[in-house]
Structures are given as C-alpha cells and as structure tokens.
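Remarks on the structure that follows.
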Amino acid sequence: MKINANTIRPGMVLDHQGRTWSVLKIQLIQPGKGGAFIQVEMRDIQTGNKTNERWRTADTVERLDVRERDCQFLFKDEVGCHFMDDETFDQFQLPEEAMGEQAPFLQDGMKVAVNFIEGTPISVKLPQTVVLEVVEADPVVKGQTAAASYKPGILENGVRVMIPPFVEAGTRIVVNTEDSTYVERAKD
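All you need for this note's numbering is the position in the sequence shown, starting with 1, plus 77.
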C-alpha cells in the first residue's frame with residue numbers, strides 16, 4: 078500500500094527499488110529555504126546492507142503488508158537475538174544488526190512485537206519506554222541549575238543519555254527506546 082513519506086516510522090517495512098527494506102531511523106529535516114524532507118536510514122532485509130534515502134514529505138512510498146505477532150525476547154548470543162512466539166511457542170532468531178540502535182534496550186523476558194513477511198521475521202518493535210539504572214553520571218556544575226541543562230549519563234546497558242542534573246548514579250529512570258532520551262524518574 079502506498080503511504081506518504083512523512084508517515085514512515087522505525088520498524089516499518091518498505092519496498093524500494095525492487096528490494097525489501099526495514100526502516101531503522103528517521104529524521105525530519107526542515108531547511109530554512111525550500112520544502113521539508115525526510116531522511117530515512119534503512120537496512121536491506123536480504124543482504125543486511127544499510128542505506129540512507131531522502132524523500133520530500135509529499136512523496137509516496139510502498140509499504141509492505143506485514144503481519145505483526147506478539148513475542149518474547151529470550152536471550153542474546155553470538156548468533157543473534159532469540160525470540161519466542163507467544164501463541165505458537167516457536168523460537169526463532171534475528172541477527173543483532175536487524176535491531177538497529179534499539180538492540181541495547183532488549184531485556185530478558187521483554188514483550189515485543191515482531192514483524193513477519195511470508196513467515197520470515199524481519200524486524201522488532203520494542204515497547205515505547207524501558208526502565209534502566211544510571212551507572213555513571215557527571216557531577217552537577219554549581220550555578221547551572223538555574224537554566225534547564227542536562228548532563229551526560231551512562232545506563233546499565235552502556236547507552237549514553239542526557240539526564241537532568243538531579244539524577245545521580247544508582248537512580249532508575251524511564252528511557253524512550255526510539256530516540257534514547259530521558260523521560261522521567263522511575264516510580265518504584
């Protein structure tokens with residue numbers, strides 16, 4: 078089915094130039110002069126090659142019909158990421174590269190949505206947010222608390238995130254899995 082380029086989201090599967098592509102990352106760019114366009118980072122499902130494409134927001138692209146199934150993440154090893162279908166209990170694996178930048182956010186037992194084309198798993202959609210612990214946080218610089226300033230922090234999965242000054246190492250926070258941004262302090 079044809080969709081407008083400005084409705085493309087990570088995890089979607091597109092048919093472009095006769096190949097099947099999984100969308101990894103999108104960026105809407107609005108230059109000062111001229112029309113806005115969307116930059117899409119995609120991975121070829123057959124070969125694993127990555128590419129970047131640009132479309133004007135009014136352009137149309139072919140989105141493939143994909144069946145989405147609820148699955149559970151089991152574990153990660155040198156072969157890839159292993160999942161189990163919640164309905165059939167069939168186990169399958171995907172290479173870690175298929176996860177894109179979301180791979181570090183996988184947690185044992187996590188419920189995910191896996192997209193299938195003709196019975197072949199091609200991409201995984203994680204929950205919108207996950208709770209992780211900050212293991213390293215820079216100290217607050219005196220006098221910076223007046224303005225809304227963020228400082229770098231490292232999560233337990235190794236991902237760098239910009240966090241508010243009041244968050245310290247050992248604090249559990251909610252992180253957006255799509256863009257690796259701080260949402261709020263975890264309520265536990």
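Each residue gets a CB set at the ideal place from its N, CA and C atoms; glycine is no exception. Computed from a prediction, not measured in an experiment: that's the story for all the values here.
- Going by beta carbons, I106 and F114 fall inside the 8 Å limit.
- Residue pairing from DSSP places V191 in a beta bridge opposite R146, V201.
- Between the alpha carbons of E130 and D136 lies a distance of about 12 Å.
- With respect to V191, C158 sits apart: the two C-beta atoms are not nearer than 8 Å.
- The straight-line gap separating the alpha-carbon atoms of I250 and S226 is approximately 17 Å.
- Secondary structure note for S99: its beta strand (DSSP E) is the uninterrupted segment 96-106.
- The DSSP assignment places no complete alpha helix (DSSP H) segment of no fewer than 4 residues inside the segment 106-187.
- Counting along the chain, T206 sits inside the beta strand (DSSP E) bounded by residues 206-214.
- The beta carbons of E173 and K202 sit no closer together than 8 Å.
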